[in-house]
Every structure is written in structure tokens, then in C-alpha cells.
Amino acid sequence: MLDLKEYGIVMWPEEKIISFREKLLTWYDENKRDLPWRRSKNPYHIWVSEIMLHQTRVDTVIPYYERFLDWFPTVESLANAPEERLLKAWEGLGYYSRVRNMQAAAQQIMTDFGGQFPNTYEGISILKGIGPYTAGAISSIAFNLPEPAVDGNVMRVLARLFEVNHDIGVPSNRKIFQAMMEILIDPKRPGDFNQALMDLGSDIESPVNPRPEESPVKDFSAAYQNGTMDVYPIKEPKKKPLPIYLKALVVRNDRGQYLLEKNESEKLLAGFWHFPLIEVDDFSSDNDQLDLFSQVKEESRAFGPSPQESFEQDYDLEVNWSQQVFDQVKHVFSHRKWHIQILAGQVTETKQFSDREIRWVSPQEFSDYPLAKPQQKIWQAYKTALEDEGLQ
DNA sequence: AACGCGGGGTC
DNA sequence: GACCCAGCGTT
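Written as C-alpha cells, this is what we have:
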């Protein structure tokens, strides 16, 4: 067992712990939100909600949760779902490896657990995509096991309660909060205790603009008593996303279809479909209209083919490029910021690609294809520009 | 231990 | 624009 004193934390005496549990759970009973997954004790339902809630807000999750259980009502149906349907169910939620891991775990449950959801912390932990937080959440909520569920909210609340001088963003410090929770957790109502701390952390004890005077446990909080609420939790700021410059190629054929390509990489937006994209160093040279003379032409030769040229080569198409200038599309990921310029054009042929991961798709069929946010923004910008053109 | 992995809310 | 977030897997 970890010695909390070594980390400068003085744990409360037993009477204070019991009093804290009572205060917190009484507040929870009176103030807890009526959420769809709180009406169920089905471990599959709890699991789906917990995975969706990773780095994602409750209001965003609710409609996805309802639809997901509608599409995949059982572990077995999830295990057998086709990839496109899986991605479509998650489209717009982000962190798409979550749903891939969930399907892998559903298959584990079918093969290794006879279709029965594991009912121990160790069994749950074996499942793909389930780490210590989620294992604790499912164990405590669905099976009433006294396991802590330490997420960002819990760490923030505990850091303020005990003035923890350790960075909550450092993974190895998680064990400190885990140890605190093993002592604090209410053995009779572990699931409610975990959820109460999370509710408290997401609203009253929110990271920005907290309302500590409204906290049901402010009398227990060292930071509140000492006026150090703004000091805790200790957390290093994140790094800024790296800017990436891309040209998106929106190309229409005679039938009004557009070229879409499947992302075969296993990394960012794996498995999603996208308008052809080409990465460039930056947009500086071609933004300057006055430079359209020999100097720039020589430079472009030195730097190889233009995006238009390399696109025509890659896809073996002759494109009638539009002169229209489209708005630039921007999209921020956790670690990248995409700046996208749209190039549009038409082809008079309807060449079929033997490689079936490149297709001509009509706008009516877009809804059959998983399309991530940047592609949706590109399509919106393209359509808007065409409409504006039509009004002239 | 650091990084890769989305998207949306809030100020 | 800058901040935040109901994490996990990989390297």
C-alpha cells in the first residue's frame, strides 16, 4: 500500500471520512442528473456510456448513446457489426479507436467469457480499451464492487480537498489519487460515491470558474479553507497543436459524383473517407498574387509538381480546374491544426478505379460513408461557395 | 514517460 | 484564440 505521507498528504481520521461520505452521497441523492445510463445496471450499457464519455461531454454523448444501443442492442451485435456501421455510429465523437477497441472487447466477451460480461475487476480489466478508470467505473456502478474510478474530475476534486502538490497530468501520479480513493470510497455505495465525485468535479468543482462556496463538502476542503482554490490542481499546460497545411481536391464528374478515398492508414482518422488531400509546406507562395511571374515559376519547378499536377498524376485524370477561390477550412485536433485550401474541378470522364478504396460518390450517398469533421467542413465550404456563385 | 488520438463547450 | 475535458494504447 502506497504511503500517502511520503507525498505530503495527511489522510483524515475515520470519523471525518464517514462524515464526508454522508455529506457527499446526500448531496448526490438530491442533485444527481437523470442520465440515460443511470437508469440501467446492465454492464453493457454502463460500458458503452463510460467509453463514450472519455474526453467527451455528457450533452454530446446522450444522442450517440441512445442510437448506439438501438443499432447494437447486445454485446453480440456489437461483436458482429461491420466496420462502416461501427464508424458511422461513432462519426463526430472523435477518438475512433475507442469504438474499434470496444468491438474487439465485445469479441473477447463472446469467445473468452461465453458471451457473459465479466463481473470482476480483473476480468473487466482484460478487455481491450478498458483501463484502470473504466474498469473501476464498471465494477462499482454495474457490480457494486468497491473499486475507485479515478478520472480527471476525481483528481481535481481530491487535489483541492487535500492540497495535493503533485501534477495531475503526470501519469505516474495517478497512483496517489488511487490510494486516496481506496481509503475514501464508500464500501456500501461505491458506484454512487464515484459518480458523486465526478458530478461534483464536472460542475461545482469545474476546472474554470468553479463555485466552491456551493460545494457540499467545502468544510472538508483544505484549498477552500486556505484560499488556495486557484492553485489546485497542479497541472502543466498542454502543448499547442502542430500546424499542418493541406490542399483538398473536390472533383466532380459528368454524373455529379465526387471522388472519395478511404484512409487506409491506422493512424489519424483511420478508416474514414475523405476528399483527396495533399500536404504542402505552407500556403505562403501561392497566396501572393503579385508573384505569378518567372521567379515563382522557377521556384515551383524547383519544388516539384503543383498540387494540381500531382493529383492528376496520382489519380490518372485530366481535370478542368475551377478558378474559384474558396474559403480556407480549419480544423483543430488535440495534436494537429489543419489548414485546408480547397481546389475544385471537373472531369469529363467517369473512370472507374480498380482499387476499390477510391470511389465516385454522389452527395446523396455521402450519408453511407463515414466522414470525419474536416471533410464535412470542406463539403460545406464548397457547397456554400457554389450557392453564392449561383446567386450572381 | 511521452506521444498519438477528435471534437465541442466556454470565456 | 486559449483554455478545458467521464482515458487508453503504443512506443
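So the first sequence is residues 991 to 1382, counted in my numbering. All C-beta atoms in this analysis are idealised placements derived from N, C-alpha and C, irrespective of residue type, glycine included. Just so it is clear, the structure is predicted and the values come from calculations on it, not from any experiment.
Inset, instruction - Out of A1127, A1212 and R1349, point me to the one whose CA is closest to N1385's CA. - result: Because the chain spans 991 through 1382 in this model, residue 1385 falls outside it and cannot be assessed.
Inset, instruction - Measure from the alpha carbon of F1262 to the alpha carbon of each residue in E1347, I1224 and P1360, then state which is nearest. - result: P1360
Legend entry - Burial state of F1058, where buried means 16 or more other Cβ atoms lie within 10 Å: buried
Inset, instruction - Give me the Cα-Cα distance between E1153 and G998, rounded to the nearest whole angstrom. - result: Distance between the alpha carbons of E1153 and G998 is about 9 angstroms.
Inset, instruction - Please list, in chain order, all residues of the same chain as L1280 whose beta carbon is under 7 angstroms from its beta carbon, the five residues on each side excluded. - result: For L1280, the predicted model reports a pLDDT of 33, less than 50, meaning its position is unreliable; a value from the coordinates is still stated below. Answer for L1280: no residue qualifies.
Legend entry - Spatially closest choice to F1316 from V1048, E1379, G1142 and P1072, by CA coordinates: E1379
Legend entry - Cβ pair L1333, P1297 closer than 8 angstroms: In terms of Cβ geometry, L1333 and P1297 form a close pair [threshold 8 angstroms].
Inset, instruction - Would you mind working out which of M1100, E1308 and A1149 sits nearest S1211, comparing C-alpha positions? - result: A1149
Legend entry - R1179 versus S1196 - alpha carbon distance: 24 angstroms
Legend entry - Residue range of the beta strand (DSSP E) that includes P1384: The structure shown has nothing for residue 1384, since the chain only spans 991 to 1382.
Inset, instruction - Report, in whole angstroms, the separation of the C-beta atoms of K1118 and N1091, which I expect to be a contact under 8 angstroms. - result: 5 angstroms
Inset, instruction - Please report how far the alpha carbon of A1238 lies from the alpha carbon of Q1370, in whole angstroms. - result: 13 angstroms
Legend entry - Three-state class that DSSP yields for A1371 in the structure shown: helix
Inset, instruction - Go ahead and label D1102 buried or exposed: buried means 16 or more other beta carbons lie within 10 angstroms of its beta carbon, across all protein chains shown. - result: exposed
Inset, instruction - Taking 8 angstroms as the cut-off, decide whether the C-beta atoms of V1207 and L992 are in contact. - result: no
Legend entry - For N1216, the three-state DSSP class (helix, strand or coil): Looking at N1216 - three-state DSSP - the assignment turns out to be helix.
Legend entry - For A1375, the nearest candidate out of A1362, S1274, V1319 and L1068 (CA to CA): V1319
Legend entry - Residues sharing a beta bridge with Y1248, DSSP: R1242 and V1351
Inset, instruction - Measure the beta-carbon distance from D1157 to K1225 and round it to whole angstroms, keeping in mind my assumption that it falls under 8 angstroms. - result: Rounded, the Cβ-Cβ distance is 6 angstroms, consistent with contact.
Legend entry - Buried versus exposed call for P1353 [16 or more other C-beta atoms within 10 Å across all chains shown]: exposed
Inset, instruction - For the alpha helix (DSSP H) holding W1061, just list the boundary residues, first then last. - result: Counting along the chain, the alpha helix (DSSP H) containing W1061 begins and ends at V1048 to W1061.
Inset, instruction - Give the DSSP bridge partners of I1330, in chain order. - result: Secondary-structure assignment with DSSP links I1330 through a beta bridge to L1236 and V1319.
Inset, instruction - Determine the contact status of L1250 and F1265, defining contact as a CB-CB distance below 8 angstroms. - result: yes
Legend entry - Opposing strand residues paired with L1361 [DSSP bridges]: W1263
Inset, instruction - Decide yes or no for the touch test of the segment 1042 to 1052 against the segment 999 to 1019: beta carbon pairs closer than 8 angstroms, at least 3 of them. - result: no
Inset, instruction - Tell me, please, which residues DSSP counts as bridged to W1311. - result: G1335, per the DSSP bridge assignment.
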